[in-house]
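Under our numbering, read the sequence shown as residues 342 to 501, first letter to last. Below is one structure, written out as structure tokens, with a few remarks after it.
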Amino acid sequence: MFVPFENLPEESKIWIYQSNRKFSDAEFSEIEIALQSFLEGWAAHGTSLESSYQLKYNRFIIIAVNQDVQAATGCSIDSSVEFIQSLEQKYAVDLLDKMNVTFKLGEHIAHKPLIDFKKMVKDKAVTENTIVFNNLVNNIEEYNESWEVPAIDSWHSRFF
342 MFVPFENLPE
352 ESKIWIYQSN
362 RKFSDAEFSE
372 IEIALQSFLE
382 GWAAHGTSLE
392 SSYQLKYNRF
402 IIIAVNQDVQ
412 AATGCSIDSS
422 VEFIQSLEQK
432 YAVDLLDKMN
442 VTFKLGEHIA
452 HKPLIDFKKM
462 VKDKAVTENT
472 IVFNNLVNNI
482 EEYNESWEVP
492 AIDSWHSRFF
């Protein structure tokens, strides 16, 4: 069951999928329709999941579920991954590779393989103050507080 994102409690579980390229506005509009339709029918063991999403920067898909109502289970998580994989195929993008880093360079959002990001650190092209997207956050509270942070305040700090 789809609900507005702001109506979910802060402890709601989230998954963040980052695209290896920026989506066009038209693509993001299509994704929004598909996502809302998917979430309307998303269930675990026959029970609807109270869930929502956010689309950010034409690059990120954030899915959230209120686990106090019904926890997402293996099969329901598998169905969400299958949905994301269908988006990957339709739009020829990579949304599941966790070995990539997305960060801000001024107003531009850059996306690099981890090895390239490490080289940028070494070359001082990015610093401890570079804003990175910490896609390892687990719930809405962490997402609100720790998703867009200086590299020194995230797991990226180990490269400095």
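Positions of the beta carbon are idealized from the N, C-alpha and C atoms, including for glycine.
For residue 379, same chain residues with a beta-carbon under 7 Å away, outside a window of 5 residues either side, are 424 in chain order. With a contact defined as Cβ atoms closer than 8 Å, residue 480 and residue 363 miss out at about 26 Å.
Residue environment analysis places residue 497 among the buried positions, since at least 16 neighbouring C-beta atoms fall within 10 angstroms of its C-beta. In this structure, residue 475 lies away from residue 361, with their beta-carbon atoms at least 9 Å apart.
In the structure shown, residue 356 adopts extended strand secondary structure according to DSSP, grouped into three states. Per the DSSP secondary-structure output, residue 384 pairs in a beta bridge with 389.
Following the DSSP letters along the chain, one finds residue 424 inside the alpha helix (DSSP H) bounded by residues 415-432. In this structure, residue 484 lies away from residue 436, with their beta-carbon atoms at least 9 Å apart.
As DSSP reads the structure, residue 442 sits in a beta bridge with 453. Separation of the CB atoms of residue 390 and residue 406 is rounded to 5 Å, and the pair is thereby assigned contact status at 8 Å. According to DSSP, residue pairing for residue 396 in a beta bridge involves 402.
In this structure residue 458 is buried. Its beta-carbon is surrounded by 16 or more other beta-carbon atoms within 10 angstroms. Short of 6 Å from the beta carbon of residue 342, and not among the five residues preceding or following it, lie these beta carbons of its own chain, in chain order: 389, 391.
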